[in-house]
Structures are given as C-alpha cells and as structure tokens.
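Notes follow the structure.
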Amino acid sequence: MSASESSTVLCITQLQSRIATLEQENSVLRVELERSRTQAKQSHSRNQLIEATAIATDCIGSAIERECTQQALLEAEQARSAELAKANEALHNAIAGLARLDNLDQFLAEMLKVSIEISGAQTGAVDLVEGDYIRHAVLFDKAGLVSPQIQAEQGLLRSPFSAEIRAMTQRILQSENAWIVHSDELIHPPSFQAFHREQGNCAIRLVPMRIGDRLLGWLGLGFSEQDPPLGKSFVLLRVLAEQMTMAVELLRLAEAAKQAAIAREQEKAALERAAQLAKANDALKRSLDALAAEPELGKFLAYVLTEIAHQTDACIAYLFLYNPKDNTLKLCTAFQDGQIYFEPASNDPAMFRQPFDADITPGWSRILADRRIIFRTTDNQDDEEIWHEVKAWHIERGHSAHAGIALVAGDQPVGFLGMAWRDRTSLTVEQTELVHALANQATLAIQLTQLAEEAKQAAILEERNHLAREIHDTLAQSFAGIVMQIQAVTLHLADDFEQAKIHLQRTNNLAREGLAEARRSVGLLRQEETAYGDLRSLLQQLVEQTKSKTSIPITLTVTGDTYKLSPDAGINLLRIAQESVNNALRHANATIIQLYLLYAPKQVTLQIRDDGCGFDTQQMTNGFGLKGMQQRADLVGAQLQVISQIGKGTEVNVVLLL
30 MSASESSTVL CITQLQSRIA TLEQENSVLR VELERSRTQA KQSHSRNQLI EATAIATDCI
90 GSAIERECTQ QALLEAEQAR SAELAKANEA LHNAIAGLAR LDNLDQFLAE MLKVSIEISG
150 AQTGAVDLVE GDYIRHAVLF DKAGLVSPQI QAEQGLLRSP FSAEIRAMTQ RILQSENAWI
210 VHSDELIHPP SFQAFHREQG NCAIRLVPMR IGDRLLGWLG LGFSEQDPPL GKSFVLLRVL
270 AEQMTMAVEL LRLAEAAKQA AIAREQEKAA LERAAQLAKA NDALKRSLDA LAAEPELGKF
330 LAYVLTEIAH QTDACIAYLF LYNPKDNTLK LCTAFQDGQI YFEPASNDPA MFRQPFDADI
390 TPGWSRILAD RRIIFRTTDN QDDEEIWHEV KAWHIERGHS AHAGIALVAG DQPVGFLGMA
450 WRDRTSLTVE QTELVHALAN QATLAIQLTQ LAEEAKQAAI LEERNHLARE IHDTLAQSFA
510 GIVMQIQAVT LHLADDFEQA KIHLQRTNNL AREGLAEARR SVGLLRQEET AYGDLRSLLQ
570 QLVEQTKSKT SIPITLTVTG DTYKLSPDAG INLLRIAQES VNNALRHANA TIIQLYLLYA
630 PKQVTLQIRD DGCGFDTQQM TNGFGLKGMQ QRADLVGAQL QVISQIGKGT EVNVVLLL
C-alpha cells in the first residue's frame with residue numbers, strides 16, 4: 030500500500046472514531062434533558078424548565094452541526110481517496126507500459142485514453158515533432174481511437190511544422206501550465222480545423238512533452254468550452270505527459286543504438302566483402318594470365334583446381350573430361366591435399382582409373398540442367414544421385430561435404446568439376462561466384478584445346494566469334510560484376526571511414542583494369558582474319574587502349590609506306606608488342622614507352638622501347654613472357670632480339686623478312 034493510501038485510511042478511521050464520540054455525547058445530553066424535565070416538574074418552576082430545555086436544545090444542535098461537518102469531511106476525504114486511487118492506477122499502468130514498451134503508438138494510445146478520462150475532454154491527440162513535420166501519432170475523436178488508415182485518408186496523420194506552429198511551441202515551452210489554443214485559429218491545418226468543427230471543439234489544451242528545452246511534442250485535449258478548466262487534474266496530466274515523453278525518448282535512443290549497431294555490422298560486412306572481392310579478383314587475373322600463357326591444357330587445369338582449393342579451403346578437387354561420343358567421364362587432373370595428379374592416385378576410387386558412364390546415377394542429368402554448383406553433406410547416404418562407389422570413399426577420407434558443377438560451353442558439356450571438404454558445410458556467395466568464374470575459364474580452356482586438336486584452321490576461324498562471346502559472357506561479365514559490387518559496397522560505407530574507402534577504391538581500380546584487359550582481348554578476337562594484316566592499325570589500337578588505363582606516356586611512330594602483312598604475321602607481331610608493353614607497365618617502372626614500326630620493301634621492323642629498370646637477359650631468359658615472344662617470332666620466321674641493361678631500360682627488336 031502506498032503512503033498516500035495509508036494516509037487516507039488513517040484519516041477515515043479518525044473520522045469514524047470522532048463520530049462515535051459524538052454519538053456518546055448525544056446520549057449523555059439526552060439523559061441530562063430528561064433529568065432537567067424531572068427537576069422542572071418537581072420544582073414546578075416553568076422558567077427553570079424552559080431554561081433547561083433551551084440549554085439542551087443548544088447542545089443537541091451543536092452536536093448535530095458537528096456531526097454534519099464531520100460527515101462532509103469524511104465524504105471529501107473519500108472523494109479525494111478515489112481520485113488518488115485513480116491517479117495511482119493511471120501511473121501504475123504508465124510504468125507497466127514503459128516496462129513492456131514494444132509498440133510506441135499503442136502505449137501512447139493507452140496514456141491518451143486515460144488523459145481524456147481524467148480531464149473530461151471529448152477528443153485528444155499526441156503530436157510528435159519529426160524534423161519539418163508533425164506526426165499525429167495517436168488521435169481520439171468522440172467515438173474513440175481513430176485508425177491510422179482513416180487518419181491518412183482525412184489528412185490527419187502528418188502536417189507541416191509551419192512557422193506559426195513553431196512560434197506556438199516556443200510559447201508552450203515558456204508556459205508552466207497547459208497552453209490553450211482555440212479551434213478557429215489559423216495555425217491549425219485545414220484538415221484539423223474541419224476535424225475540430227465536426228467534433229464540436231471550441232478550445233484545445235496543450236500539455237508539453239519536453240526534455241529540458243527540447244520539445245518532443247505535446248498532448249492535445251479538445252473541449253467544448255472556450256476556456257476549459259483543468260483544476261487538480263492538470264498535475265496528473267503533466268505526469269502522464271512526462272511518462273509519454275520518457276517513452277518517446279527511450280524508443281528514440283533504442284533506435285539510435287540499433288542503427289549504430291547496424292552501421293557497425295554493415296561496415297564490418299562491407300570490409301569483409303571488399304577483401305573477399307579483392308581476393309577473388311586477384312585469383313581471376315592470375316587465372317586469366319595463366320590461360321593466355323600456358324599452352325598445355327593439363328597444367329592450366331591444374332592451376333584452376335589449385336586456385337579453387339585455396340580459395341574455398343577444399344582438400345580435394347577433381348576435373349573430369351566428358352566424351353560426347355560414348356557419354357563417359359574420364360579423370361584429367363586432380364588436386365589432393367596440396368598435390369597435383371594427372372592420373373588417379375592410389376587412394377582414389379577404382380572407378381576413377383578408367384572412363385565411366387556419366388549416367389550411372391541421375392546426378393549427371395540434374396547437374397547439367399541446373400548449371401550451378403550442387404552442394405551436399407556426406408551424412409546423407411541415401412542420396413541416389415551420388416556415384417555409389419564414391420559415397421564410402423567420402424566417409425573414409427573424412428569429408429564433411431562435397432560439391433560438383435558441370436562444365437558446359439553453350440549447350441555442349443565438356444567436363445565435370447568436383448570438390449570435397451573436411452570441415453565445411455556451405456560456401457559463401459563470393460566463393461560460389463569465384464568457383465563459377467574459374468570453372469568457366471576451365472571450360473573455355475578445354476574447348477579451345479579440343480578445337481585445336483580436332484578441327485582445321487577453317488573450323489577454328491568459324492568458331493572465333495562464338496569463343497569471343499563465351500569469353501565476354503564469362504571473364505568480362507565476372508569482372509563487371511566485381512566492379513558493380515565494389516561500387517555498391519562503397520556507397521553503403523559511413524562517411525568517416527576514409528581508410529576503408531581508399532582500400533575499396535584500390536580494389537575497384539584493380540577490377541576495372543582486369544575488365545579492360547578482358548574487353549581488349551574480346552575486341553581483338555572478334556575482328557575478321559584479314560584485319561590482322563593491317564599491323565599499323567592494330568598497334569594504334571593497342572596504344573589507345575593502353576593510354577586509357579595508365580598515365581604513362583606511350584607513343585607510336587610509323588615510317589615508310591605501309592602495306593598489308595599476312596594475318597598470321599600481323600597477329601604474332603601484335604602479340605609480341607602487347608607482351609612488351611605489358612612487361613614495361615607491370616615490371617619495369619617505366620616513365621615512357623615508345624613503339625616504332627618501320628616499313629621497307631622487303632622487311633618490316635618492330636621496336637618497343639622503355640626507360641624502365643631493365644633486367645639481366647642472361648638470368649631471366651624465361652621471364653616476362655620472353656619464351657612466348659620467341660615462339661611467336663619463330664612461327665612467322667622473324668628474328669627477335671631483346672636488349673636490356675639494369676637501370677637503363679629495355680628494347681625489343683623484331684625483324685620480319687618478306
């Protein structure tokens with residue numbers, strides 16, 4: 030029981046005790062009256078009897094008056110007790126509502142309902158200041174709570190925080206009591222003027238909801254009187270307004286803390302995403318370089334499997350080639366616990382030792398249809414799509430999960446890529462995308478090799494545009510996706526994380542460079558065979574593309590009367606120039622690159638010079654793609670000479686005799 034309730038009970042007890050005392054006094058007075066009457070009869074004195082009667086009457090009147098007074102006091106205390114009990118219940122409900130605050134508008138509605146009952150108002154609203162607007166969070170008309178949908182339909186949900194209303198709020202803040210505003214004043218928006226007319230409101234009492242000098246909003250109560258009194262209920266209304274203020278502020282602080290936590294998590298996720306994308310981008314660039322430089326299919330596929338294993342923490346990665354003639358799969362290359370195998374290892378399943386039917390289970394048909402990585406855990410031994418002999422092998426090797434993806438070029442399957450893990454049950458989105466990209470590169474490498482082995486030069490030329498589209502749809506699209514995702518990450522980072530933005534920008538630049546290289550290769554592949562005979566145009570195109578991605582000056586000087594070369598000679602000289610320029614950009618730290626093309630009647634000379642760091646040609650004969658350049662020169666009968674001195678730059682000379 031609260032202190033106020035205890036005081037009220039004590040007061041009532043005291044009043045009841047005094048009434049009992051008065052009743053005892055009345056009994057005594059009645060006895061005295063009877064005694065006086067007896068004495069008057071005995072003395073036969075009329076005057077004495079009248080005097081005694083008058084005295085008794087006065088005493089009885091005083092007692093009755095005292096009894097009425099005490100009864101009035103008792104009734105007043107009882108009314109006060111009821112009012113205090115009502116106030117106590119309202120405060121109890123407010124505190125309980127704060128304790129379970131999960132819906133602010135519902136809590137405000139409960140408090141507003143109590144406020145209307147206490148004040149005798151006929152309508153009410155809780156208005157919250159939100160930037161340049163006032164949100165009418167809760168609204169009661171004569172019938173009760175108005176739904177937010179109806180508020181919105183009638184324009185009673187939000188209104189501008191006009192200059193007139195701002196001035197009114199200053200008066201509210203300066204007032205110790207509730208501020209009164211008449212319903213016909215122009216500061217009310219038209220929709221609320223109509224609302225007050227419809228409800229019959231003549232005046233609105235505004236009780237401020239504030240923290241110090243900061244106004245959060247106000248409690249508005251509509252009355253039919255012009256100057257409605259609030260009396261003792263104002264103290265309770267102010268307490269209720271304070272409770273609502275506390276609820277609004279607590280929810281605001283909680284939301285601010287929530288948003289701060291979300292921002293921290295987004296920052297962390299963005300940094301992790303950027304690091305993963307940078308890692309994936311590096312892997313794709315390395316694979317692209319290997320695809321261009323490695324002539325042997327098996328070695329390139331081994332490189333792809335190694336990258337996949339390292340990027341996904343796989344302990345095993347296998348690549349099978351598909352033979353459409355007999356619908357079989359044959360093991361080509363494998364990565365197992367850090368080692369590369371080009372034939373089955375001793376602990377591999379026996380079925381891997383020779384070609385086997387691709388349709389021994391329904392798994393091959395499904396994986397061809399899905400065109401995506403299918404991930405499985407090894408605890409599901411009832412899966413009929415898994416190769417039967419491989420099920421026990423996964424358990425024996427301690428694999429927790431395994432996955433597979435079909436290698437498909439267009440609509441033609443060319444192979445199957447399988448992976449297994451000992452301590453993983455899923456792949457991240459970034460890892461999945463990287464596996465897809467590397468698998469696409471492996472697919473292209475396999476298809477290119479098959480075309481080179483099975484088709485004549487004419488067939489290869491017919492497939493050129495097809496291969497260009499394949500490369501564009503895989504490598505270029507992968508790089509473009511990386512650029513777009515990194516840009517999206519940058520937009521979501523908080524403004525004060527400058528170091529993170531610098532890191533993201535560097536990653537973005539790397540991705541754009543990779544994309545430019547892929548598009549350059551695609552552009553060259555799409556040209557007709559005869560276009561490769563115009564070496565001057567090809568070199569000019571190379572210079573312009575290189576300028577677009579670097580600030581290092583690069584020039585082309587052509588002397589002599591130009592003429593067409595054979596396509597074979599043109600493409601090989603172009604590739605030598607490309608390799609020389611790339612070496613200068615990547616490794617030489619050059620400040621200028623110069624290309625010279627000299628046409629003579631019986632020979633063409635190509636020179637590429639840079640002022641970079643140079644290198645020892647005796648110790649680095651296999652470095653910087655020199656071996657590949659020599660092979661290209663040999664293919665067309667040209668002479669290649671590389672002159673370089675440490676600290677003085679490099680000069681590559683190619684002389685083609687016609």
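Letter by letter, the sequence shown follows residues 30 to 687 of my numbering.
The C-beta atom is built at its ideal place from N, Cα and C for all residues, glycine as well.
- Taking C-beta atoms as the reference points, threonine 274 and leucine 245 count as a pair closer than 8 Å.
- Separation of leucine 137 and aspartate 342 (C-alpha to C-alpha, rounded to the nearest whole angstrom) is 54 Å.
- The criterion of a C-beta distance shorter than 8 Å is not satisfied by isoleucine 216 and isoleucine 233.
- Only residues of its own chain outside the window of five on either side were considered, and among them Asp639, Asp640, Gly641, Gly643 have a CB closer than 6 Å to the CB of glycine 678, listed in chain order.
- Short of 6 Å from the beta carbon of glutamine 668, and not among the five residues preceding or following it, lie these beta carbons of its own chain, in chain order: Val684.
- Take aspartate 412, set aside five residues on each side of it, and the residues of its chain with a beta-carbon closer than 7 Å to its own are Arg405, in chain order.
- The segment 564-583 and the segment 605-622 touch, with three or more beta-carbon pairs separated by less than 8 Å.
- Phenylalanine 371 is classed as exposed because its beta carbon has fewer than 16 other beta carbons within 10 Å across all chains shown.
- The alpha-carbon separation between alanine 286 and leucine 334 amounts to approximately 46 Å.
- Contact check for isoleucine 396 against alanine 346 fails: the beta carbons are separated by 8 Å or more.
- Contact between leucine 141 and glycine 153 is confirmed by a C-beta separation of about 5 Å, below the 8 Å threshold.
- Linking alanine 432 to isoleucine 291 through their CA atoms gives a straight-line distance of about 33 Å.
- Pairing proline 391 with glutamate 414 gives a Cβ-Cβ distance under 8 Å.
- Taking each of Ala629, Ser609, Leu686 in turn and checking the Cα distance to glycine 657, the smallest one comes out for Ser609.
- The segment 378-388 makes contact with the segment 349-362, as at least three CB pairs between them are under 8 Å.
- In the structure shown, glycine 657 adopts helical secondary structure according to DSSP, grouped into three states.
- Glutamine 365 and arginine 401 have their C-alpha atoms some 23 Å from each other.
- DSSP places arginine 426 outside both helix and strand once states are collapsed to three, so it counts as coil.
- Nearest C-alpha to aspartate 645 among Ser673, Gln660, Leu279: Ser673.
- According to the DSSP assignment, methionine 140 belongs to the alpha helix (DSSP H) that extends over 133-148.
- Here serine 394 is exposed, its C-beta having fewer than 16 other C-beta atoms within 10 Å.
- Counting along the chain, proline 391 sits inside no beta strand (DSSP E), nor does DSSP assign it H or E at all.
- Counted as a single uninterrupted DSSP element, the beta strand (DSSP E) harbouring methionine 448 occupies residues 441-450.
- Nearest in C-alpha terms to glutamine 659, of all of Lys631, Val633, Leu602, is Leu602.
- Glutamate 425 sits exposed, since fewer than 16 C-beta atoms from the chains shown fall within 10 Å of its C-beta.
- Counting along the chain, the unbroken alpha helix (DSSP H) around arginine 615 starts and ends at 596-615.
- Here asparagine 132 is exposed, its C-beta having fewer than 16 other C-beta atoms within 10 Å.
- Counting along the chain, glutamate 680 sits inside the beta strand (DSSP E) bounded by residues 678-686.
- Look at arginine 267 here: in three-state DSSP terms it is helix.
- Its Cα nearest to that of proline 219, the residue Ser191 stands out among Ser191, Arg200, Ser204.
- In this structure, histidine 165 lies near glutamine 180, with their beta-carbon atoms less than 8 Å apart.
- Taking 8 Å as the upper bound for CB-CB distance, valine 587 and leucine 626 are in contact here, some 5 Å apart.
- Just so you know, the alpha carbons of glycine 676 and leucine 624 end up roughly 20 Å apart.
- Of the residues assessed, asparagine 612 falls on the buried side of the cut-off, its CB having 16 or more other CB atoms within 10 angstroms.
- A distance below 8 Å separates the beta carbons of isoleucine 475 and glycine 444.
- In the three-state DSSP reduction, phenylalanine 364 falls in the strand class (E or B).
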